[in-house]
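Sequences listed follow chains A and B, in order. Going letter by letter, the first sequence gives residues 1 to 248 in the working numbering. Going letter by letter, the second sequence gives residues 249 to 497 in the working numbering. Ideal Cβ placement from N, Cα and C applies to all residues, glycine included.
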Amino acid sequence: MSLGGKVALVTGASRGIGRATAIALANEGADMVVHYHTNLKGAEEVRERINQLGRRALVVQADVRKTKGVRRMVQDTLKNFGHLDILVNNAGITQPERVFETTKFKWDNMIETNLTSVFICCKAVLRHMVERRSGHIINITSVCGKSGGLGAGVHYSAAKAGVIGLTKALANNLASYGIKVNAIAPAMIDTRMIRWRSAELMEETIKQIPLGRLGKPEEVAGVVVFLASSANYITGATIDINGGLYMD
Amino acid sequence: MFKLAKKVAVVTGAARGIGRSIALELARKRASVIIVDLLIGEAEKVAAEIRKIGSQSLALQVDVTQTEMVREKFGEAIEKFGRIDILVNNAGVLQDAFITDIKEEDWDRVIDINLKGVFNCCKAVVNYMLQQKRGKIINIASVGGKDGFPLAGVHYSASKAGVMGFTRQLAKQLAPYGITVNAVAPGTTETEMILHRTPQQKKELMEKIPMGRLGKPEDTARAIAFLASDEASFITGETLNVCGGLYMD
């Protein structure tokens, strides 16, 4: 129980990596805030799972692109639990396409949803974490932010690369306050987000992964648990979890 | 999470410093640990500490630069324990020197221990891991191998950069067999390796570190224990920086 007494907020926790992360953190003893945007059913199911593990869970709806809603979410968290130790910025969308199809409107929406939201959520928890002189912020970026591959849109790759830069600068800003900020860069994790591929393309893509398989959302959750529980000298790092698909 | 029950680990350079900390951390996670070092007396002490925690341990005196000795001694130990799940290549030396003060034998020595040693030890365990179709190799690199440390010699940084290149290549080659290969890049850690540094030098170093302190051996040990766990099985070819924010890439 490495996270006993801790409170964690995971955005986009109704499915996929967010869901697995919320459950894994709860399994290690944390009480959870399960954020969702539209998938209420999924979020409630996650809450049930967390309760079964003997931990408390608060389900909160918010559009992470909007400051007001995010601030309210953090206020609700503090009202319910009294403190917040871990923020996992996981909420995000994908839009695989070539640049010819990417309009300014799509670009703006992607940047808002995948990058600006991370800034908004970090700002919303900042005062609290700085006051406590402690906290972990973990941002889910993507291999696409480094490699630009895998059919990702240019807006997606740019947003995810932005998350990496934000992570490092924020780590620098907050190090002296005892707050660690890190990122995790997954590739090809078996969730809804990668299933836009045809069976053929999926098979072809998996052949390119040295470990020869997709990653499990639980495996990304494992990195989050490691960072939140055992990584007090790691900050500003981006941890790749991609089956060997990309190495730097 | 991250338990290592029934796993057998070999840690080189585990008599002191980061290596010793790694060995103890793996033992705490319930792994059996083979302590490899030239300093057999201190290695035996660590093995004894591990037995007190309740895990099995064996101390081996091995010179990691000797290919045949490594193959023989590792083979004996692995046969004794019945398997090898984790290899941590930690044995290494540092020499602070400006390039013009580095003699040919200094270069050879540092490259031999820090880089050839990694090659020798990996060579000695790979066949066993291939048979098992599982295994984890973790190499200690260094932030010096990416960013350079002002005090360290070029041979040190070159050897550590070499460790990272080696790590990625081996990761690619062993991935189809379910074996992961990763590295941890510590920043400056408070161990015997930097006893020769002055308080002033340490102060100057700390000023550059966002977290404001030097690393402790446990910081790296915990990262190693994570990479050694089954939970980290989708991570390979990765170098994880454990440096308090000194270097970010």
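Can you tell which of the options has its C-alpha closest to the C-alpha of residue i?
i, options, result
"Val33 of chain A", "A:Gly69, A:Leu87, A:Lys68", "A:Leu87"
"Val251 of chain A", "A:Gly149, A:Lys216, A:Phe226", "Because chain A is modelled from 1 through 248, residue 251 of chain A falls outside the range shown and cannot be assessed."
"Leu443 of chain B", "B:Leu342, B:Gln379, B:Val318", "B:Leu342"
"Ala169 of chain A", "A:Ser2, A:Ile111, A:Ile239, A:Thr235", "A:Thr235"
"Tyr246 of chain A", "B:Gln417, B:Ser407, B:Gln379", "B:Gln417"
"Arg55 of chain A", "A:Glu203, A:Ala159, A:Leu3", "A:Leu3"
"Ile50 of chain A", "A:Lys79, A:His37, A:Arg19, A:Tyr36", "A:Arg19"
"Thr415 of chain B", "B:Phe397, B:Leu399, B:Gly393, B:Thr436", "B:Gly393"
"Gly492 of chain B", "B:Gly485, B:Asp467, B:Ala476, B:Phe474", "B:Asp467"
"Ile206 of chain A", "A:Asn232, A:Asn172, A:Asn242", "A:Asn242"
"Tyr233 of chain A", "A:Tyr36, A:Ile209, A:Ser176", "A:Ser176"
"Arg133 of chain A", "A:Ala159, A:Leu115, A:Asn173", "A:Asn173"
"Ser303 of chain B", "B:Val310, B:Val256, B:Val391", "B:Val256"
"Ile189 of chain A", "A:Ile209, A:Lys160, A:Asp248, A:Leu40", "A:Ile209"
"Asn114 of chain A", "A:Thr103, A:Val130, A:Gly145, A:Glu101", "A:Gly145"
"Ser305 of chain B", "B:Val259, B:Met317, B:Lys364", "B:Val259"
"Gln421 of chain B", "B:Arg331, B:Ile359, B:Lys371", "B:Lys371"
"Asn80 of chain A", "A:Asn90, A:Phe119, A:Ala8, A:Glu97", "A:Ala8"
"Ile17 of chain A", "A:Thr67, A:Ala199, A:Ala187", "A:Ala187"
"Phe329 of chain B", "B:Asp285, B:Ala279, B:Val310, B:Ala262", "B:Ala279"
"Gly267 of chain B", "B:Phe250, B:Lys254, B:Leu287", "B:Leu287"
"Glu97 of chain A", "A:Lys41, A:Asn90, A:Gly42, A:Val154", "A:Val154"
"Leu488 of chain B", "A:Met202, A:Asn182, A:Val225", "A:Asn182"
"Ala43 of chain A", "A:Ile23, A:Gly82, A:Asp248, A:Asn27", "A:Ile23"
"Leu211 of chain A", "B:Gly435, B:Tyr425, B:Gln448, B:Thr437", "B:Tyr425"
"Ala251 of chain A", "B:Met496, B:Leu363, B:Met441", "For residue 251 of chain A there is no data in the structure shown, the boundaries of chain A being 1 and 248."
"Gly413 of chain B", "B:Phe397, B:Val366, B:Ile326, B:Glu452", "B:Val366"
"Leu453 of chain B", "B:Phe397, B:Lys254, B:Cys369", "B:Phe397"
"Thr313 of chain B", "B:Asn362, B:Gln380, B:Lys293", "B:Asn362"
In the DSSP assignment, what are the bridge partners of residue i?
i, result
"Met500 of chain B", "Here chain B covers residues 249 to 497 and nothing more, so residue 500 of chain B does not appear."
"Gly492 of chain B", "Gly492 of chain B is not bridged to any residue."
"Gly135 of chain A", "A:Ile179"
"His403 of chain B", "DSSP output for His403 of chain B lists no bridge partner at all."
"His35 of chain A", "A:Val60"
"Val281 of chain B", "B:Ala257, B:Ser305"
"Ile239 of chain A", "A:Ile184"
"Leu9 of chain A", "A:Val33, A:Leu87"
"Ile140 of chain A", "A:Ile184"
"Thr315 of chain B", "Thr315 of chain B is not bridged to any residue."
Would you decide whether residue i is buried or exposed? Buried here means 16 or more other CB atoms lie within 10 Å of its CB.
i, result
"Ile301 of chain B", "exposed"
"Glu273 of chain B", "buried"
"Met1 of chain A", "exposed"
"Asp85 of chain A", "buried"
"Asp108 of chain A", "exposed"
"Thr21 of chain A", "buried"
"Lys408 of chain B", "buried"
"Leu475 of chain B", "buried"
"Thr38 of chain A", "exposed"
"Phe105 of chain A", "exposed"
Taking C-beta pairs closer than 7 Å, name the residues in chain D that residue i reaches, listed in chain order.
i, result
"Ser230 of chain A", "Protein chains in the displayed structure are A and B, and chain D is not among them."
My assumption, with CB atoms under 8 Å, is that residue i sits in contact with residue j. Please give the rounded CB distance.
i, j, result
"Ile384 of chain B", "Thr348 of chain B", "As written in the sequence, residue 384 of chain B is Lys, which differs from the Ile given in the question. Contact doesn't hold; Cβ gap of about 40 Å is too wide."
"Ile184 of chain A", "Ile138 of chain A", "7 Å"
"Ala339 of chain B", "Gly401 of chain B", "With 8 Å as the limit, Ala339 of chain B and Gly401 of chain B do not qualify as a contact, their Cβ atoms being about 17 Å apart."
"Ile270 of chain B", "Leu308 of chain B", "Contact flag wrong, Cβ pair sits at about 15 Å."
"Ala228 of chain A", "His128 of chain A", "That pair is no contact at about 16 Å."
"Gly12 of chain A", "Gly92 of chain A", "6 Å"
"Lys277 of chain B", "Ala473 of chain B", "6 Å"
"Val59 of chain A", "Ser117 of chain A", "The Cβ separation is near 18 Å, so there is no contact."
"Thr218 of chain B", "Ala406 of chain B", "Residue 218 of chain B lies beyond the range of chain B shown here (249 to 497); nothing can be said about it."
"Val391 of chain B", "Leu494 of chain B", "6 Å"
"Ala26 of chain A", "Lys6 of chain A", "Ala26 of chain A to Lys6 of chain A, Cβ: 10 Å. No contact."
"Thr439 of chain B", "Gly265 of chain B", "4 Å"
"Thr77 of chain A", "Thr167 of chain A", "With 8 Å as the limit, Thr77 of chain A and Thr167 of chain A do not qualify as a contact, their Cβ atoms being about 22 Å apart."
"Met249 of chain B", "Val225 of chain A", "6 Å"
Would you check whether the ligand MN has a heavy atom nearer than 6 Å to the C-beta of residue i?
i, result
"Val34 of chain A", "Inclusion of the ligand MN in the displayed structure is not the case, the ligand content being empty and no account of it being possible."
Checklist entry - When the Cβ atoms of the segment 118-138 of chain A are set against those of the segment 66-77 of chain A, are three or more pairs found closer than 8 Å? => result yes
Checklist entry - Using 8 Å as the Cβ pair cut-off and three pairs as the minimum, do the segment 351-363 of chain B and the segment 447-459 of chain B touch? => result no
Checklist entry - Is the segment 460-470 of chain B touching the segment 201-221 of chain A in the sense that three or more CB pairs, one from each, lie closer than 8 Å? => result no
Checklist entry - For the segment 376-395 of chain B against the segment 328-338 of chain B, are there 3 or more C-beta pairs whose distance is under 8 Å? => result Touching, per the Cβ criterion.
Checklist entry - Would you call the segment 314-330 of chain B and the segment 290-301 of chain B in contact, with 3 or more CB pairs under 8 Å? => result Counting Cβ pairs under 8 Å, fewer than three are found: no touch.
Checklist entry - Are the segment 150-170 of chain A and the segment 180-198 of chain A touching by the rule of at least three beta carbon pairs closer than 8 Å? => result yes
Item to check | Three CB pairs or more closer than 8 Å across the segment 431-442 of chain B and the segment 369-383 of chain B | outcome: no
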